[in-house]
Every structure is written in C-alpha cells, then in structure tokens.
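Residue numbers (the working numbering): 11 to 144.
Even for Gly, the Cβ is constructed at its ideal location relative to N, Cα and C.
Worksheet: the structure to be examined is printed underneath.
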Amino acid sequence: MRFAVDRLDHLVITCRDVETMASWYQRVLGMERESFGAKNRTSVRFGGQKINLRPQEATQEDWFTGHGAAPGGNDLCFIVTVTAEDVVTHLKDCGVTIELGPVEKAGALGTIKSVYCRDPDGNLVEIASYGEFL
Numbered sequence: 011m012r013f014a015v016d017r018l019d020h021l022v023i024t025c026r027d028v029e030t031m032a033s034w035y036q037r038v039l040g041m042e043r044e045s046f047g048a049k050n051r052t053s054v055r056f057g058g059q060k061i062n063l064r065p066q067e068a069t070q071e072d073w074f075t076g077h078g079a080a081p082g083g084n085d086l087c088f089i090v091t092v093t094a095e096d097v098v099t100h101l102k103d104c105g106v107t108i109e110l111g112p113v114e115k116a117g118a119l120g121t122i123k124s125v126y127c128r129d130p131d132g133n134l135v136e137i138a139s140y141g142e143f144l
C-alpha cells in the first residue's frame with residue numbers, strides 16, 4: 011500500500027528549561043501553551059500544529075525520541091501573515107536579536123521573505139512571509 015503525507019502534526023524540541031521555552035514561544039511567536047498527557051507535558055500550539063517541549067533530562071523511557079536529541083539543534087521555519095518588516099519591528103520590541111534578514115529564501119510554496127532569530131536554547135527560528143510573492 012502506498013500513501014502520501016498530508017501535513018506535519020507536531021514536532022518535539024528538546025530544551026534546557028521547558029518554562030523558559032514555553033514563555034518565549036508564547037511571548038515572541040504568539041503560540042498557545044498547553045499541558046497534555048498523564049505526565050502533564052508541555053506544548054505550544056499554533057494553527058493546526060504543536061511543538062512538544064521535551065526536558066533535556068528526560069530519558070528514552072520518559073519520551074521515546076530520536077537519537078542525539080539535544081537543546082539548540084533545530085532549524086524551524088514559521089510562516090506568518092504580516093510583512094518581514096513587521097516581524098523585525100516585533101522582534102526588536104520583544105528584545106530578540108535578529109540574526110539575519112529580511113532576506114528572500116525558498117519556501118515550500120515558492121519565494122518567502124525571512125527574518126532569522128534564535129530561541130532561548132539557540133535553535134534557529136526563521137519567521138517568514140509569502141506576502142508579496144503569492
């Protein structure tokens with residue numbers, strides 16, 4: 011039987027401090043914090059997806075996860091519905107350092123304009139808009 015992937019449901023980020031990460035994704039990217047599961051785990055939600063925040067000290071028995079999961083090892087790209095210039099203004103207002111941008115990049119649906127920053131663990135966070143390119 012063949013199948014095709016429909017969409018990304020969730021991903022897991024290993025982090026040094028779950029509270030710090032959840033607060034940053036809420037404050038900077040406007041995501042909703044959620045507790046789930048019998049072990050009261052933490053995630054942040056946006057659109058129809060979520061990011062589960064896995065504590066660095068969790069074992070394979072606690073969280074079945076990829077080999078070598080470590081804080082700061084992820085590159086993430088989020089699409090927003092405002093301009094890259096608005097993203098720059100918002101990040102500066104939040105006290106977040108801009109690593110690069112706005113720059114044109116290739117997104118899944120075509121050209122995007124991206125702004126790059128890092129979350130508290132050093133994961134590279136790309137905030138992008140198709141805006142003028144669609």
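Query	Result
Inter-residue spacing [alpha-carbon to alpha-carbon] between R43 and S53	6 Å
Cβ-Cβ distance between R64 and A79 below 9 Å	yes
Best match in L21, E95 and G120 for proximity to P112 [C-alpha to C-alpha]	E95
Secondary structure, beta strand (DSSP E): runs of 3+ residues fully inside the segment 21 to 58	42 to 46 and 51 to 56
Extent of the continuous beta strand (DSSP E) to which A138 belongs	L134 to S139
Whole-Å CB distance - Q59 paired with D85, under 8 Å assumed	Going by Cβ atoms, the distance from Q59 to D85 rounds to 16 Å, so no, they are not a contact pair.
Under 9 Å between C-beta atoms of I23 and N62	yes
Proximity below 9 Å, CB of D129 to CB of M31	yes
Buried versus exposed call for E71 [16 or more other C-beta atoms within 10 Å across all chains shown]	exposed
Rounded separation between G83 and G76 - CA only	12 Å
Boundaries (first-last residue) of the alpha helix (DSSP H) holding V98	A94 to D103
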